[in-house]
Every structure is written in C-alpha cells, then in structure tokens.
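4 protein chains.
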Amino acid sequence: MSPDNPALPDIQSSPDPRGIDIDQVGVSDLRYPIRVTDRDGRPFPTVARISMSVRLPHQFKGTHMSRFLEVLSRHEEEVTSRTLPAILHDLRDRLDAAEARIEVAFTYFVTKHAPVSGAPAKVGCDCVFSGTSNGKEDDLVFSVTVPVTTLCPCSREISEYGAHNQRGYVTIEVRPRKKPGGHEFILIEELIEVAEKSGSAPVYALLKRTDERHVTMQAYDHPVFVEDVVRNAAALLRADARIASFTVRAVNHESIHDHNAFAVLSGSNDG
Amino acid sequence: MSPDNPALPDIQSSPDPRGIDIDQVGVSDLRYPIRVTDRDGRPFPTVARISMSVRLPHQFKGTHMSRFLEVLSRHEEEVTSRTLPAILHDLRDRLDAAEARIEVAFTYFVTKHAPVSGAPAKVGCDCVFSGTSNGKEDDLVFSVTVPVTTLCPCSREISEYGAHNQRGYVTIEVRPRKKPGGHEFILIEELIEVAEKSGSAPVYALLKRTDERHVTMQAYDHPVFVEDVVRNAAALLRADARIASFTVRAVNHESIHDHNAFAVLSGSNDG
Amino acid sequence: MSPDNPALPDIQSSPDPRGIDIDQVGVSDLRYPIRVTDRDGRPFPTVARISMSVRLPHQFKGTHMSRFLEVLSRHEEEVTSRTLPAILHDLRDRLDAAEARIEVAFTYFVTKHAPVSGAPAKVGCDCVFSGTSNGKEDDLVFSVTVPVTTLCPCSREISEYGAHNQRGYVTIEVRPRKKPGGHEFILIEELIEVAEKSGSAPVYALLKRTDERHVTMQAYDHPVFVEDVVRNAAALLRADARIASFTVRAVNHESIHDHNAFAVLSGSNDG
Amino acid sequence: MSPDNPALPDIQSSPDPRGIDIDQVGVSDLRYPIRVTDRDGRPFPTVARISMSVRLPHQFKGTHMSRFLEVLSRHEEEVTSRTLPAILHDLRDRLDAAEARIEVAFTYFVTKHAPVSGAPAKVGCDCVFSGTSNGKEDDLVFSVTVPVTTLCPCSREISEYGAHNQRGYVTIEVRPRKKPGGHEFILIEELIEVAEKSGSAPVYALLKRTDERHVTMQAYDHPVFVEDVVRNAAALLRADARIASFTVRAVNHESIHDHNAFAVLSGSNDG
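See below:
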C-alpha cells in the first residue's frame, strides 16, 4: 500500500493499539450520477445516493477514504447486477479489506399507460441495490418501493356507501438466487408488477376521467388491508424460483388518520 | 457593546469595507424545549426548531451569534403571542439591530374525541409562530398545518360506486390584527376547526368501527377538491374580524397518483 | 374546453358560487426524468421534483389536473431556459389560465479536479429552475446550492492554533435580465464559481493527501463568516450585467454547535 | 375478543386462507406527547414518533389497529425503561399476540455549561427507546445520537497549519443487561458522556469567545478519525458491566467533502 505522496506521513496506515476490529468504515450520502439497465437492456441514467464501506482489522488506525471514490469512478457510473460484484471486488482489493459493502439508492421510472385512455406517463419508484462481498461469497439484495392505492375492507363492509382509501407504499426486497457465474436476474419491472398486483389498484401519473372512473371502481372491487398486501406479495414471491429470500413491507398513509398502518413479512424459498 | 473578554479581539465588531447591508444574519435549526399556551391558558410543553436573525448594517463585519442564545434562554422557554414581541425587542436591543426576526416551529397536540364512541386520543399539528420587529411595528404571523380527509367530487360523480379519497394537509397562516397594546388573540384550536370544516372529514388518532363507519360516510357526503378546501377556509377566515390577512394552502396526497394536488389562496380583510 | 369523455360529467368546469379567485392550483412533488444542458451544450439527464400551477378564476370550481402532465410530457423532458417559457405558455393555453407557474428542482453534477493531484470526481449541486408567465411577461429565476468549506475568522484569531471550520451551503438565486426574444443566459457552472469564490475553500468528492493538505491550508488562509460569504457573492453578482436581481443565502453547519449560522442578502442590479 | 359494536361485522377477525404468518403488523409515524425521566428522576416532557406492532398468526385476516392507541393512552404518556415492558405486555394481551414491538423516537435535552464562561444552554439529542416482548423475554434497546466536533488527524499531521474539522454525530445503542425483575438502568446522560469523550470536543449551544477559543484548541489537541470515535466509545462501553451489547455509529459531515465518512462497530460484553 503505497501512499499517494511518500513525503507526507500516512497516518491511516499507522498501527492502532486498542485491538478492536471495526465492522464498517467508509463513505455515505455520496450523490453520484449512475446508469442502470431498463427492461429492454438500455442504459437508464439516474441520480444515486451511495454508501460504500469495508471491514477494518484491529491493527490499522484508519482506512483510505479517497480510494472508495477512485473505485467508483473507474466503473464509469454503471450500476447493475453485473457490475455490483465487480465494484465490491475492487473495493476489497484496493482497500486491502476482507469484506466490502455497497448500497446504491436511486429513482427509477416506468412508463405506465392509463387503463382506459392508454395515455402514457412516467411514475418514479425508489430502488436500492446493495451488496456485500467477503471473499467467500457475494450477497446481493435489490429493493423497490412502489406507490399503490389501497382501499380498506373493513370501512367498505361496515359503511352504507364509500370506503376510505389512500396512497400506500409497497417495498419489495429480494435476494436473487446464486447460479454458476453470478445471480439470477430479476427486472425492476417484475417487482413493480408484484407490488401492484398486491394492492387495490395501481397509481398513475396521468389519468383522464374515464381512467379515474376505472381505478376508483377497481380499488372498490379489490379492498386490501396492509396485512393482505404483504401476504399477496409473499405468495407471488414464494412462487418465483429465482428468488432465494425476500422481505415485503407495506405502509398505508391512512386517509382517516395522521399516522400510518404497516406490515412486514420476510420469507425464504429455501427449505 | 463590550466583548465578553476584553483580552480577546472582537473580530465581529471590526469595520467592513464592502459597504453592503445584510438582510438577515442569525442562527437556524436550533432545537429547543418550549412552552406554548393551550386553550385553557395552561402551559403546554413541546419541542421547537427555531431561527432568529437580525439586519446587519454595512459597517459591521459580523453579528454576535451567542447573544441570540442568551436572549432566548432569558425568556425561559415561554413562546406565546405575548412573549414573541418581547423576545424580538430584546434581540434588537442586545444585538444593536434595527430589525429582528424569529420563527418557531413546533408540534402541538389536540385531544380529539371519536365522533360516535367518544374515545379520546391526541392528534399532532405542526405550528409555526413567527415575527418581525423593526422599531416601527411588530408583525406576527401564526400558522398551523392540519391533517384532514378529502374525497374527490369528480371521482364520486363519475363512478358507479366508491370515490378516491386521501389524507390532505391544510396549512392556515394568519396575521392577527393589531390592537392597542398588542395583537388580537386567536387560539390554535380555532384555526384547526377552520381547517377541519374545509375538508371532507376530520382525521382522528383512534377510531372504533362505529366511528370508522361514520367518517367514511361523512367524507362521501362532503366531497371537496383542493380548490374547495382553500375556498371554504378563506370564506371562514374572511368573516373573522380578528384576522388582518391570511394564506391557506391545501395539499392532497392523492391516493390515485404518486404526486400531490395543491392550491394556495391569500386574502386580506382590510379594504 | 371539451372533456376527454363527453359522457362523463365535467365537475371541474361547473360554476362555483363563492366568488373567490385562487392564486395557485396544480400538482406538486411530481418526480420526473429531465434533461438540462451542461456547459458544453450537451443534454445532461437527471431526476427532477416538479410543481406546476395556474391561477383559477372565481367562476370555475376546479382545474383539470391531468393537463399539467400532458403539457409536461409534450416537451419531452427537456427543461432549459429556452423550454421553460414554452412550457409556461402551453400551461396557460391548455388550462385556459391567465397565469402559470412551474418549479423544477434537480441535482446537477460538475466534475471537479483535485487542486494538486488533478484527480477528477463529480460533486452534486441542488438546482431549482422556476418561472411564472402571466401573458404580459415571463419571469424566470434560477438557483443553485453549492457546498463549500468555511473557516471561522474569530476562532482563528482568538486561538493559539487551529480554527473551527465546517461544511457550508451557499444558495445563489438569480433572475436573468430580459433581452429581445428571451433572457440572458447564465451557466450553472458560473453560479457555482461565484459560490466557491465566496467561501474559504471549495469542497471536492475526491482528495488525495497532497490535495487535503492544500485545501486545509487554503481554508485557514481565507477565513469567512456567513456574513462574508453573502457579501463576497453579492459583490460578484452585482458586477454581472446579465443578472437583474439576486438573493444569496449562506448556511454554516457549525462544527462547534448543533445548530446552523446563516445569512441572507438580496440585491438588484437595476437602478 | 369482542368487537366494539356487535352489530358491525368484524372483518379483521375473519379467517384468512393463505396460511401465511406476518412478522409485524401495526401503526407507525404516530406522533405523541410523552414524558421520559431526566437524570434527577423528574419527568421530562417531549414529543415522540412511535411505532407499535404485533406478530399476526396465519389464521387471522387482520389486527385491530385502534387497540394500539388504546394501550398507549392507558399508560398516560410515560415512556421509561419501567413502563416500556408494561406497554409491551399490554399490547400482547390486548391484541392477543405472541409478540409485540415498540419503538419510541424523541428529542431529549441536556443543559450544558460552556467550558470557560460556564454559560448554560440546552442541546437536543435524538433518542430511541425500543423493545420487543415475546412471552419468554423482554428485549430492550436504547439509543442516543450526540453531536460532537471531530478534527482530522491526517489533515493536522500533513498541513503546516490548521486542520479540517466538522460536526459529527455519534449514535450509541445499548442493550441493558437483564437482572431480576427488570433491566439494568443507564442514564441518557451517561451515553452522551461516552459519545462526547470519543470525539475531539463536545458541541455546545452557547459559547462566548473565551469558550470558543477553548473548544477550538481542545479539538486541535484531540484529533480523531471516525474509526477512532467508534473504537473510543467501544472501549468505554466494554468496561460497563450494565451493558449486554452495543452498536456505535459515527458519522462525520466532512467539511472538505459533500459526503460523509462513517464507521460502525458492534460488540457484546458476554463471553
């Protein structure tokens, strides 16, 4: 490990006497332009918030923070299920570390067509790609948070007319199964579809009146509690052999309260 | 203006050659425990985020930031329409300034009783007390943000059943009219009542099923656009002689979209 | 104004009896992929948070929210000082409104080279492009928020060694002067340069040790209060004939406090 | 489990055919006024953001959300290491659940005296009290986030004068050891002290110039990396027999970057 300028002392590489390993040392809240891959395999440019870290053995006083940035810039802003392991291996190598982690949060957009008029418009979804590499294995986790409409089954059943409904957010986090040479590939759009099937109705950016009529009645016809949302999603994720394990989180921004209702359900497709 | 330690140079009081006045100089994002007054005149303890500033004449290099804190602590955490002018006068005096400003944002709680069962529970509302004093007059502005349910008139009208509804937030900002010796007094609870009357239904923290049935149908019976919410509130605020001017802002967290609908309406009760 | 489906009632176009105009009605917190223009005239793709609104005359019950999205999508995600007036005119036209507003907030990235090693890395800056059009004139305002290092002149002067310093944010908001056929053009990079010249030292994403040594001493050699930052920036903005008026806001995330110090200074280059 | 009104159907209690248990179902982002206990045993009123949840067996369609609020209000807003287990037991009982969780986030204030002048002022710290109860044991975790000053050892060593420093935040999360009849008691103030000893200098709300001189030189005399902060804190927490396990997280809002540096270190005092 040669310092960038041999004339300046390398404090970080000096020995530390306390004998305490550190689980994670790195940078966080780094904003960076990245490119992910859309459903047609084309690069989609977006803006990310990134954290990267390594495990630091007890004998070293500090890590070299600038190297995280060097590794990142060497990969030319491409962040996919293929480049994530490569970035992790470079981090371990360049920072001389047994374990490296990365978390990349970004907004992805899908074009959605209104259900009756077909009018197209884009809806943004928050995604997180994260990974850990420790020399023995690469662990990857992908998540997407999808806005949906949820309509309360209880409110519908007990009221003579109407039913409270609200915007809800479904977060689906999956660990793709390992396969020779990498991991199973799952499109962001596939996870969005699971989330939308689990709520009362999808949300859209652009709805004409014929569309608004459609989604209003669609939601009324498919009432769900947050409990139903996570169970619906879990049932779909359990049926997907490409997924090793998952966590689903549903949050309803209740229209009759100023707090939220939520449910969390984790599952494994192994054993 | 004597420095706290005459042996240390007072850089802030040194002359500045650029000849540029500064509109506001001060501290922001200061968290502080405060007491406001509830509807029965009792102190209500809460947590505030405070900014305070003064106008700085061109001849001075800087202001003395520590004095903002000294003034604040001298008023023993009481922030009301009576103490706000006193704090402003002290800021002008202690910081030797022609103009002083303060903004105090905090959460206030009101106990609300469920409409049928009568079950009590507290709902939090974001409030901001702000003021400016320039030696000629004290200008005070109070605002409160109230969660409400809104149900879409268009969705209800065009659909065979159901109607999309959502949590909305109504912010009512009022400038109380001046009167000899101070300003007209307006309870936070009165502004909350205006906001709740302007939506489709109030929100509650605790609703039993009989209550949920009630508010579901109440919302369906009183559909409002964001446009209606601000007009409803404006009509009520215009009828209140204690209010010199006002701004109403309504934001709907649309249940069928991932963006919000909003409306803003300002008015004056003078001429 | 023909509704999208003549068979469904057009509630929004129905008359409103309350006789109250509304200042702004529209959509907010809409996330959208956009392209701005970089210093070399090339499109830079980024993610925006957008609000759009119109003035609503008293005789109409509501506006047609879906049309905001239609106008936006028609401009194919290009948001520049040239397209902003065109979007505003389309909003006025399509929504039959006397006045339209838009606000587009996004992250822009500049590649910065470390001061000694020359190592390149990107730094993100928050920008806001906003505009109003009322048929008589188009008013445009651009702002950029730039992270800088600030080192306290008082701390440096009164201490035997060291000086507290911190990350600060400088927000420069300018209204470009009108000229025949449009507005004066100002690069985001030019405003970033003004902000960086006004602090103690620029910040970088990637600094090797030789660079860290450089910026540490650069900051110590150029101590500034928040008051100095806004005055420094104001002096530069006043000398720029392309700028009609400006507001500078500096916020220091004080390293010796858990609150911030701030200053605000507005100026006009007219008369 | 009798519904609040036998005449209305109890949808939540109806059977669910999917056979999937749910890990957590409950309410989140509930704002509530609470009282914690200060170092002298007196109640300190503050504002909390609360989430509460239960495990839901596969045979039930939903939980009864209103009961979370009923349990909370029954405990009269007192949230301490003594009442937390009682609230959890009531949640399990009232919601007929095998496991209950609660998380209470709030701001706590400590009066700090400036190091030379002795001037007092309050500094706010973010705290989280959380707990889980599953019938076999009650697991409690307390955390506090403390602002500190950190000064970079590398910058100090390699520069002829000055050293970059910044505001940092140290989060200390501890699991108190169980003892007969409850858990070991640890004051928030004790954790704050650990955090402040681990940085370069404490932060204060109010510093006169003599104090500013003192903390400037104190920070310069005690340079620390984020790595040092978590190791310093870990060494102190390991020596405290009342603590079963802990996690320390340090985040530096680097003054020379627009991203943060961070470190995380977990440890156990058992075996």
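Protein chains in written order, with the working numbering: chain A, 1 to 271; chain B, 272 to 542; chain C, 543 to 813; chain D, 814 to 1084. For glycine and all other residues, C-beta sits at the position ideal for the given N, C-alpha and C. Please read these numbers as outputs of a predicted model, since none were measured by experiment.
- Note that the C-beta distance between D/T958 and D/T859 is not below 8 Å.
- In the three-state reduction of the DSSP assignment, B/Q283 falls in the helix class, which pools H, G and I.
- Rounded to whole angstroms, the separation of the alpha carbons of A/S53 and A/P17 is 22 Å.
- By DSSP's assignment, D/D951 forms a beta bridge with D/S946.
- Between D/R868 and A/V194, the alpha-carbon positions lie close to 23 Å from each other.
- Only residues of its own chain outside the window of five on either side were considered, and among them Q872, F873 and K874 have a CB closer than 8 Å to the CB of D/P828, listed in chain order.
- For B/A490, the closest Cβ of chain A is nearer than 8 Å.
- Relative to C/V712, the option among C/D565, C/R780, C/D668 and C/L633 whose CA is nearest is C/D668.
- The beta carbon of A/S28 sits closer than 8 Å to some beta carbon of chain D.
- The distance from the Cβ of A/S130 to that of A/E157 is about 40 Å, inconsistent with a contact at the 8 Å cut-off.
- Of all alpha-carbon atoms in A/L206, A/S255, A/Q24 and A/F109, the one lying nearest the alpha-carbon of A/G118 is that of A/L206.
- Contact annotation: D/A1047 and D/G1012 have beta-carbon atoms that are not nearer than 8 Å.
- Looking at D/H1035, D/D909 and D/E891, the one whose alpha-carbon comes closest to that of D/G948 is D/D909.
- Look at B/F533: its C-beta is under 8 Å from a C-beta on chain C.
- The closest CA to that of D/S894, considering only D/F955, D/T962, D/V936 and D/R907, is found on D/F955.
- Sequence-distant partners of C/I562 (beyond 5 residues in either direction) whose C-beta falls short of 7 Å from its own C-beta, in its chain, are H600.
- Closer than 8 Å to the CB of B/Y432 there is not a single CB belonging to chain D.
- Around the beta carbon of B/L462, 16 or more other beta carbons lie within 10 angstroms, which makes this residue buried.
- Taking a beta-carbon distance threshold of 8 Å, A/P153 does not count as an interface residue toward chain B.
- Below 8 Å, too few C-beta pairs join the segment 563-572 of chain C and the segment 430-441 of chain B to call them touching: fewer than three.
- Look at the segment 740-770 of chain C: the residues with a C-beta under 8 Å from a C-beta of chain B are F767, V768, E769 and D770.
- D/R914 sits in a strand when the DSSP states are folded into three classes.
- Secondary structure of D/M1030 (DSSP, three-state): helix.
- Going by DSSP, C/F586 is part of the beta strand (DSSP E) stretching over P585 to L598.
- Following the DSSP letters along the chain, one finds C/S810 in no alpha helix (DSSP H) but inside the beta strand (DSSP E) bounded by residues N802 to S810.
- Taken through DSSP and simplified to helix, strand or coil, C/K750 comes out as coil.
- By DSSP's assignment, D/C940 forms a beta bridge with D/F919 and D/V957.
- Ranked by Cα distance from B/D361, the options B/D499, B/S404 and B/H524 are led by B/S404.
- Beta-bridge analysis with DSSP links C/N794 to C/G710 and C/A803.
- For C/V621, the closest Cβ of chain B is not nearer than 8 Å.
- Taking C-beta separations shorter than 6 Å and ignoring five residues to either side along the sequence, the partners of C/D580 in its chain run F586, following chain order.
- Rounded to the nearest angstrom, the gap between the Cα atoms of A/V264 and D/V1077 is 25 Å.
- By the C-beta density criterion, C/P765 is buried, having at least 16 other C-beta atoms within 10 angstroms.
- Under the Cβ distance rule, D/V860 counts among the residues neighbouring chain B, one pair being separated by less than 8 Å.
- Under DSSP, the beta-bridge partners assigned to A/V27 are A/M52 and D/A1074.
- Of the residues assessed, A/F225 falls on the buried side of the cut-off, its CB having 16 or more other CB atoms within 10 angstroms.
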